[in-house]
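Residue numbers (my numbering): 3 to 310. Shown next, in structure tokens, is the structure this report addresses.
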Amino acid sequence: MTTTSTALISLPFVFMQWLVSTRLAGIILALAAALALVACSAVKLGYANLPHLAWWWLDGYADFSDEQEPAVRDAIASLYTWHRQDELPRVAELLGRMEQMAPGEITPQQACSVLKEVQDRLGAVGRHVEPTAVALAAKLTPRQLRHIQRKFRSNNESFRRDWIEVSPEEQRDKRYKQMLDRMQTVYGTLDEPQRRILRQRLSATLWDPHRMLAQWQRRQQDLLQILARLGQPGLAPAEAGALLRGWFEALERPADPAYRAYQDALLQEGCATFAAVHQGTTAAQREQAEHRLRGWQRDLRELSAQQP
3 MTTTSTALIS
13 LPFVFMQWLV
23 STRLAGIILA
33 LAAALALVAC
43 SAVKLGYANL
53 PHLAWWWLDG
63 YADFSDEQEP
73 AVRDAIASLY
83 TWHRQDELPR
93 VAELLGRMEQ
103 MAPGEITPQQ
113 ACSVLKEVQD
123 RLGAVGRHVE
133 PTAVALAAKL
143 TPRQLRHIQR
153 KFRSNNESFR
163 RDWIEVSPEE
173 QRDKRYKQML
183 DRMQTVYGTL
193 DEPQRRILRQ
203 RLSATLWDPH
213 RMLAQWQRRQ
223 QDLLQILARL
233 GQPGLAPAEA
243 GALLRGWFEA
253 LERPADPAYR
263 AYQDALLQEG
273 CATFAAVHQG
283 TTAAQREQAE
293 HRLRGWQRDL
303 RELSAQQP
């Protein structure tokens with residue numbers, strides 16, 4: 003299971019688009035990965051590996067010392083237990099509502115309502131992990147902050163190679179293939195008229211990788227400054243929590259009104275695209291979506307009921 007599979011059942015590319023543009027930070031990795039698991043065939047196996055994946059991902063950024071490792075692993079284990087017991091049932095309920103929607107027509111507004119529930123679940127994880135995240139961040143050394151900065155730089159270069167240093171045709175083709183794969187995870191194989199709807203929608207997209215990268219680089223610098231501030235002595239826990247919380251809030255609702263409008267337009271575009279593709283699906287494809295949604299609900303409830 004990889005961290006690139008960030009999808010939520012019937013809104014795969016909408017959720018992916020929102021996650022990429024707003025919340026790539028490690029503090030919410032646990033839920034992002036958990037939501038991704040429901041789009042995979044081996045849900046239970048993947049979820050069991052989530053603590054290891056979270057450690058691997060976080061350590062790739064911070065390069066934790068041997069002394070720091072036990073505290074980080076304990077924090078991940080605690081978050082994992084809480085998420086399995088408290089959040090998985092809520093995610094299963096959301097999948098149940100999506101199952102009820104699947105047989106009929108879905109409007110862009112209904113699609114965005116599901117996305118709002120995803121955001122709520124992400125917010126719950128952020129609130130739960132905030133005190134632990136602040137405590138761990140306060141122990142990051144200047145060397146580790148430089149490591150994070152280099153990791154950001156490497157990620158930015160990868161994004162630039164994948165999405166900016168290619169032709170517009172290559173961009174569209176890559177996004178089309180990614181989104182088609184996620185749609186077919188739910189509905190099964192889409193026929194050519196259905197694929198045409200997706201291609202047409204993507205050909206008129208507002209998505210701008212240059213703009214998104216520039217915004218994310220600004221947020222990276224903001225985060226590095228906050229992390230450095232958290233490591234200074236005398237900072238009250240409430241103030242530290244507010245700094246980190248404010249950073250996440252700025253990701254979701256940027257202060258720049260122009261970028262905020264762009265972000266909102268992208269979300270509306272994604273919801274409309276999903277609704278259009280769903281409208282073109284057959285009764286058999288919708289039945290398959292219901293079947294898969296029921297199976298994912300069952301798996302999540304069984305995972306939630308497991309004893310530690």
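Glycine is no exception: its CB is placed at the ideal position from the N, C-alpha and C atoms.
Less than 8 Å between C-beta atoms, sequence neighbours within five positions excluded: which residues of the same chain meet that for residue i?
| i | result |
| --- | --- |
| leucine 229 | Ala139, Leu142, Leu147, Ile150 |
| proline 133 | Pro239, Gly243 |
| arginine 262 | Arg255, Pro256 |
On a Cα-Cα basis, can you pick out the residue from the options that is closest to residue i?
| i | options | result |
| --- | --- | --- |
| valine 136 | Asp183, Ala238, Gly190, Trp57 | Ala238 |
| tryptophan 59 | Leu182, Ala206, Phe154 | Phe154 |
| arginine 163 | Gln287, Val116, Leu215 | Leu215 |
| phenylalanine 161 | Gln270, Leu81, Gln219 | Gln219 |
| valine 93 | Gly233, Thr284, Gly128, Asp122 | Asp122 |
| tyrosine 63 | Pro72, Asn157, Tyr49, Gln102 | Asn157 |
| glutamine 309 | Asp76, Trp84, Ile78, Arg75 | Trp84 |
| proline 256 | Asp76, Ala77, Asp224 | Asp224 |
| alanine 50 | Tyr82, Pro195, Gln287, Arg99 | Tyr82 |
| glycine 297 | Val74, Ala79, Gly98 | Gly98 |
| glycine 128 | Ala291, Asp258, Glu251, Gln265 | Glu251 |
Taking the C-alpha atoms as reference points, what is the distance between residue i and residue j?
| i | j | result |
| --- | --- | --- |
| glycine 282 | leucine 295 | 19 Å |
| leucine 226 | proline 144 | 10 Å |
| aspartate 175 | cysteine 114 | 25 Å |
| leucine 246 | threonine 191 | 43 Å |
| methionine 185 | arginine 213 | 26 Å |
| aspartate 68 | tryptophan 249 | 28 Å |
| leucine 2 | glutamate 241 | Residue 2 falls outside the range modelled here, since the chain spans only 3 to 310, and no answer is possible. |
| lysine 179 | glutamine 234 | 46 Å |
| glutamine 111 | proline 72 | 45 Å |
| arginine 152 | glutamine 70 | 20 Å |
| arginine 288 | glycine 236 | 57 Å |
| alanine 291 | leucine 302 | 16 Å |
| cysteine 42 | valine 188 | With a pLDDT of 45 at cysteine 42, under the threshold of 50, the modelled position of this residue cannot be trusted, and the question is left open. |
| alanine 77 | leucine 117 | 28 Å |
| glycine 106 | threonine 275 | 16 Å |
| arginine 201 | histidine 130 | 39 Å |
| aspartate 258 | glutamine 270 | 18 Å |
| arginine 75 | alanine 126 | 20 Å |
| glutamate 159 | valine 168 | 13 Å |
| aspartate 193 | alanine 286 | 12 Å |
Can you say whether residue i is buried or exposed, counting buried as having 16 or more other CB atoms within 10 angstroms of its CB?
| i | result |
| --- | --- |
| leucine 47 | exposed |
| arginine 300 | exposed |
| leucine 208 | exposed |
| glutamine 217 | buried |
| glycine 272 | buried |
| leucine 182 | buried |
| glutamate 304 | exposed |
| threonine 284 | exposed |
| arginine 177 | buried |
| alanine 56 | buried |
| glutamate 101 | buried |
| alanine 260 | exposed |
Mind checking which residues open and close the alpha helix (DSSP H) that includes residue i?
| i | result |
| --- | --- |
| threonine 275 | 259-281 |
| valine 188 | 170-189 |
| aspartate 193 | Premise fails: aspartate 193 is in no alpha helix (DSSP H) and is neither H nor E. |
| lysine 153 | 144-161 |
| isoleucine 78 | 71-84 |
| glycine 243 | 239-254 |
| histidine 119 | According to the sequence shown, residue 119 is glutamate rather than histidine. 110-139 is the span of the alpha helix (DSSP H), which, as asked, contains glutamate 119. |
| alanine 64 | 52-64 |
| aspartate 301 | 285-307 |
| isoleucine 228 | 211-232 |
| alanine 94 | 90-103 |
Report all residues from its chain with a CB closer than 6 Å to the CB of residue i; omit the five preceding and five following residues, and keep chain order.
| i | result |
| --- | --- |
| glutamate 2 | With the chain covering only 3 through 310, there is no way to say anything about residue 2. |
| histidine 280 | Ile108 |
| alanine 104 | Arg288, Ala291, Glu292 |
Identify, in the order they occur along the chain, each residue of the same chain with its Cβ nearer than 7 Å to the Cβ of residue i, setting aside the five sequence neighbours on each side.
| i | result |
| --- | --- |
| serine 205 | Arg174 |
| serine 306 | Arg86, Gln87, Leu90, Pro91 |
| aspartate 65 | Gln146, His149 |
| tryptophan 165 | Gln173, Pro211 |
| alanine 278 | Ile199, Arg203 |
| proline 195 | Gly282 |
| alanine 79 | Pro53 |
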